Amino acid sequence: MSPEYRALMQRHLPDPTVFHSGEAALMPALMEWLISSGRVRSRTSVVHEVPWLGRRVDLALLNGRGLTTAFELKIGRLQRAIEQAAYNRESFHRSWVVTGNRPKSEGLDWVRELGIGLLVVQGDVVSTFVTPVIREPHPAVVRRLRTTIETRAGIADAAV
Amino acid sequence: MPPFEPFSHYLAYGATDQETLRELRDMYSGILVPATIAAFQRQGTGGFVLSLSATEESPPYMIDSRFPLFQQRLKAPKKSHTALAELLDDSGLVATGVAPTPEDFPDDRVVTVARRWVDFNTGYGQQESDNFDKYAKRLGQDVRPDQAKLPEAVLAPYFACEDSEDPWWERSQRFFDATSAAATELPCLRVVCALTGSGLDDLLGTVNDPERLVVWVSDLDEHNTTASELLDYRRAVENAVSRGHEPFALYGGFFSVLLGSAGLCGASHGIGFSEHRSWLELPESGAPPARYYLRRAHRYVSQDLAQVFFNIASEITECSCPHCDGRPPIALDYHELMKHSVWCRDEEIRVWFKTDLGSAADALQSEFEDLTNQVSTARLVPTIRTRALGALQHLPEWVTALKS
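As you go down the protein sequences, you meet chains A and B in turn.
If you read the first sequence in my numbering, its first letter stands for residue 300, the second for the next number, and so on.
If you read the second sequence in my numbering, its first letter stands for residue 126, the second for the next number, and so on.
Written as structure tokens, this is what we have:
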């Protein structure tokens, strides 16, 4: 475990015990995966529960190149998470669903058709079922979203 | 435009909406100022409203007493509630213990509050103009405090009433009489707040002489109510008009615009929201949510859902307003959403308000079938399809209410 990994985990998941119930329980393993796979680096802004278009995105990333990624976490009812992820792909460059169960074929078909990604978290193991298609949202949306994430990330960092 | 020149379009003032009110002065007829805001943000609201009234466009304004606030128990009164009570020289209006009863408003109290309310209206501008210059500068026009106008009329304080047997109605009538007697400089308007459309009909039936009056059916959500409720409201308006009244709706959306051909003179709503309101929810307040006004369905939907409609067929969200500027719904920011909504209502009034009810019903039925067909045949995640179809379900209710 590198010092950089430990620093990023400390920064973005200072207290894993907060994420103990419901879909939030998927967060520690997801964050470890994001950091260890290089998707979250030192210049990546990471924000939980981002208010966006009147709802909240479970986890949003903004990387150093300005690309945005959304994650919707769900234990049951994959359809609802797919719906949220489908909305997210209109604003984010990448949109993921993160679930605790292996999806049924219908859900998997929708994920593939919509071009969203699917991660299954079981225990500490994170499996990539589908990789999301990178989209190019409307520039005005991207600008607003970047500002929202940067602002929230700034507030979160200041709180730490 | 005064509230009784059909079809007048009033916007409720909110501190977050100044930009829209300032920039779209030719898209609405007048401003309705909630007394809670007028009392709590006295200088800011006064400066803004008065400077606007001093412009060439000079939109008329009226102040709504929001009096049913004081008809209920206020568990956690806000500063704006106490500010209004203090303005009326009656801090006891804020009832934190038990809910007030009609007996708590004897004649002498009603008369005193009515006089104080009239004084506030007729003196509006004398104590509220400290910030006039600041707002005049934002308008970019050379306006002076002595050009500021008084309110168009005094809206008498009122209570929410079930029907004419409700003891609150007798108190409400007393409020109107007392306010009328005190308002010698300005016309006084009765506000009739009913709990149902049939209740409104009953209440208006007791107002004998023809009047210009303001009507409000509490919580009449045009998009989430039955054809029967809407029909009751329509009948109440038609009956009032047949008795010589000129009704103006304190809250209303597109269905109210359609009732223009039934005799409704105008309607007010908040910018981006508040086309209906429950009297019990008056204590709650807040800024409008960021939503997109979907012209084809004549309602607000989330930007997510508007984008779904855009993806189904871009003509569904096509809009020629300068705020959309040909962009998809998701591209609009908060203030653009608000301005788009005001532009749309103005357009709806210009296009629809003289349409006879039968023709309006036919057009809406055709629109419903067309939109339903487009949503049903599009490839959509099932939950999204359900949501999209759900956003159209008010249309057949409207059709039934208009055709009956």
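We put the CB at the ideal spot given by N, CA and C, even for glycine.
Owing to the predicted nature of the structure, the values given are computational and were not obtained by experimental measurement.
Here DSSP, grouped into helix, strand and coil, assigns Val-429/A to strand.
Taking a Cβ-Cβ cut-off of 9 angstroms, the neighbours of Gly-353/A in chain B comprise Pro-414, Ala-415, Arg-416, Ser-427, Gln-428, Asp-429, given in sequence order. By DSSP's assignment, Lys-373/A forms a beta bridge with Thr-398/A.
A straight-line Cα-Cα distance of about 43 angstroms links Gln-196/B and Pro-447/B.
Its chain contains Ala-374, Gly-377, Ser-381 as the residues whose beta carbon lies nearer than 6 angstroms to that of Ala-392/B, once the 5 sequence neighbours on both sides are disregarded; these appear in chain order. For Ile-455/B, the chain A residues whose C-beta falls within less than 7 angstroms of its own C-beta are Glu-389, Ser-390, His-437, Val-440, listed in chain order. For Glu-412/A, a Cβ of chain B is located within less than 9 angstroms of the residue's own Cβ. At least 9 angstroms separates the CB of Thr-141/B from every CB of chain A.
Among the residues of chain B, those whose CB is under 7 angstroms from the CB of Ala-385/A are Val-506, Ile-509, following chain order. Annotation: Val-236/B to Cys-318/B spans about 20 angstroms, alpha carbon to alpha carbon. Between Trp-242/B and Val-279/B, the C-beta gap is smaller than 9 angstroms, which places the two residues in contact.
Partner residues in a beta bridge of Val-524/B, as assigned by DSSP, do not exist. Residues of the region 399-426 of chain A with a C-beta atom less than 7 angstroms from some C-beta of chain B are Trp-409, listed in chain order.
In the structure shown, Arg-147/B falls within a helical segment according to DSSP collapsed to helix, strand and coil. With a threshold of 9 angstroms between beta carbons, Asp-258/B makes no contact with chain A. For Arg-445/A, the closest Cβ of chain B is not nearer than 9 angstroms. Taking C-beta atoms as the reference points, Val-440/A and Ile-455/B count as a pair closer than 9 angstroms. By the beta-carbon neighbour count (other beta carbons within 10 angstroms, threshold 16), Ser-341/A is exposed. Here the region 396-415 of chain A lies against the region 369-382 of chain A, with 3 or more beta-carbon pairs under 8 angstroms apart. For Arg-434/A, none of the residues of chain B pass the 7 angstroms Cβ criterion, the least Cβ distance being about 12 angstroms. With the rule of 3 Cβ pairs closer than 8 angstroms, the region 133-142 of chain B counts as touching the region 394-406 of chain B.
For the alpha helix (DSSP H) assignment, the uninterrupted runs of no fewer than 4 residues enclosed by the region 245-326 of chain B are, from N- to C-terminal side, 257-264, 292-307.
In this structure, Pro-438/A and Leu-417/A do not form a Cβ contact; the two beta carbons are roughly 28 angstroms apart against a cut-off of 8 angstroms. In the structure shown, Thr-368/A falls within a strand segment according to DSSP collapsed to helix, strand and coil. Taken through DSSP and simplified to helix, strand or coil, Gly-422/A comes out as coil.
Below 8 angstroms, enough C-beta pairs join the region 339-352 of chain B and the region 508-522 of chain B to call them touching: three or more. With fewer than 16 other CB atoms across the displayed protein chains lying within 10 angstroms of its CB, Tyr-304/A is exposed. Along the region 368-381 of chain A, the positions whose C-beta sits under 8 angstroms from a C-beta of chain B are Gln-378, Arg-379, Ile-381, read in chain order. The shortest CA-to-CA distance from Thr-161/B to any of Ser-410/B, Leu-175/B, Met-152/B is the one to Ser-410/B. Exposure of Ala-306/B is indicated by the presence of fewer than 16 other C-beta atoms within 10 angstroms of its C-beta.
Beyond the five residues adjoining it in sequence on each side, Cys-313/B comes within less than 6 angstroms, by CB distance, of Val-279, Ala-281, Thr-304, Ser-305 in the same chain, given in chain order. Under the Cβ criterion of 9 angstroms, Gln-499/B is not counted among the residues facing chain A. Secondary structure of Tyr-386/A (DSSP, three-state): helix. Collapsing the DSSP output to three states places Phe-129/B in coil.
Every alpha helix (DSSP H) of 4 residues or more that sits fully in the region 146-175 of chain B is shown, in chain order, as 160-165.
When the Cα atoms are used, Asp-357/B and Trp-523/B turn out to be separated by approximately 12 angstroms.
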